[in-house]
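Just so we're aligned: the sequence shown equals residues 0 to 279 in numbering that gives the first Met the number 0.
All residues carry an ideal CB built from backbone N, CA and C; glycine is no exception.
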Amino acid sequence: MQSRSTAARIPRQEPENRTGDRGELPVPDRAPARVPGPTRPGLTGPGSTGPCPTGRDRGEPGWPPMSRRRAALFAGTFAVYLLVLAGVLLNTDLVDLDWSVRLLRPYERWPSLEPVLNAWVVVGQRGPSAIAAFAWLLWRARRLGRLRPLLVMGVALLLLNVTVGAVKIVTGRLGPHYAQYVGSPELFSGGTIFPSGHTANAVVTWGVLAYLAVRWRRTGAVIAAATACSIGLTTVYLGTHWVSDVLAGWAAGLLVLLSLPLLEPLVAVAEQRLHRRLAR
């Protein structure tokens with residue numbers, strides 16, 4: 000008799016349709032099932048019996064799992080974020096750099112640029128950027144017949160508000176225009192300036208749009224990066240943020256973008272539930 004341990008090592012074989020030793024040809028019980036492609040939890044359309052097609056099936060690639068390269072980029076960005084935070088909290092040379100730029104008063108040296116940059120920095124504000132992004136995302140969602148584009152942006156902005164907002168409240172840093180002591184990091188004074196919300200919001204908003212653009216993803220990524228960089232530097236020029244605020248804002252926004260693949264199952268579940276409610 001064969002032992003259980005030995006039987007467990009025997010690979011399981013698919014059942015075969017045999018008629019014994021009579022030499023008859025096997026007759027399949029049913030038509031061979033189609034091997035399904037890669038799927039993920041999602042919507043089931045009206046009358047559909049299977050999961051919602053992935054973004055790849057609809058011409059929109061789904062979010063890939065975090066690869067080693069992405070994980071390394073996430074770790075490096077997180078390290079930069081921690082270094083900037085520690086540099087401000089410990090009043091290091093980074094704070095001296097903040098004050099060096101602050102005392103230059105660039106908005107006074109080149110006053111002709113101020114009206115243009117005051118208008119440009121609005122691109123990084125939550126309200127105007129959200130309206131522009133929502134218009135495109137709504138069109139994209141209607142074209143695909145899915146809510147995923149809207150949900151991805153919503154999850155990204157929610158994650159940004161929670162993470163960046165918490166650090167703002169804890170640090171309580173004052174901005175350059177309200178600074179009281181030269182050389183001081185101006186922490187725990189009731190401010191909400193660190194990290195730069197303008198900069199982080201620009202990274203996340205335009206970064207998500209670039210990813211969802213699909214065909215123009217590379218071009219969109221370059222435009223999004225240039226927009227986020229210019230908005231961060233503009234806030235430094237206008238004196239509304241320290242240099243370290245902007246550095247932390249860039250890192251915080253990039254961390255949100257890199258974290259989105261991990262939240263894709265949550266997006267899929269939310270999409271499915273919303274579809275069921277709307278179908279009632």
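- No residue range can be given for residue 192, since it is assigned to no alpha helix (DSSP H) and is classified by DSSP as neither H nor E.
- Residue 176: not part of any alpha helix (DSSP H); DSSP gives it neither H nor E.
- Across the set 151, 188, 239 and 236, the C-alpha of 151 shows the shortest separation from the C-alpha of residue 259.
- For residue 256, the enclosing alpha helix (DSSP H) covers residues 242-258.
- In the three-state reduction of the DSSP assignment, residue 112 falls in the helix class, which pools H, G and I.
- With three or more CB-CB distances shorter than 8 Å, the segment 187-204 counts as touching the segment 121-133.
- Annotation for residue 152: the continuous alpha helix (DSSP H) segment containing it runs 147-170.
- Judged by beta-carbon spacing, residue 199 lies within the 7 Å limit of residue 248, meaning their Cβ atoms are closer than that value.
- For residue 216 against residue 190, the beta-carbon gap comes to about 37 Å, at or over 8 Å, which does not count as contact.
- In the structure shown, the three-state DSSP call for residue 127 is helix.
- The Cβ-Cβ distance between residue 154 and residue 262 falls below 7 Å.
- Excluding its 5 nearest sequence neighbours in each direction, residue 269 has C-beta neighbours in its own chain below 7 Å: 150, listed in chain order.
- Taking C-alpha positions only, residue 183 is separated from residue 126 by approximately 32 Å.
- Per the C-alpha coordinates, the member of 186, 254, 169 and 81 positioned closest to residue 241 is 186.
- When the alpha-carbon of residue 208 is set against those of 223, 196 and 195, the nearest one is in 223.
- According to the DSSP assignment, residue 103 belongs to the alpha helix (DSSP H) that extends over 92-103.
- Where residue 234 is concerned, the enclosing alpha helix (DSSP H) starts and stops at 216-237.
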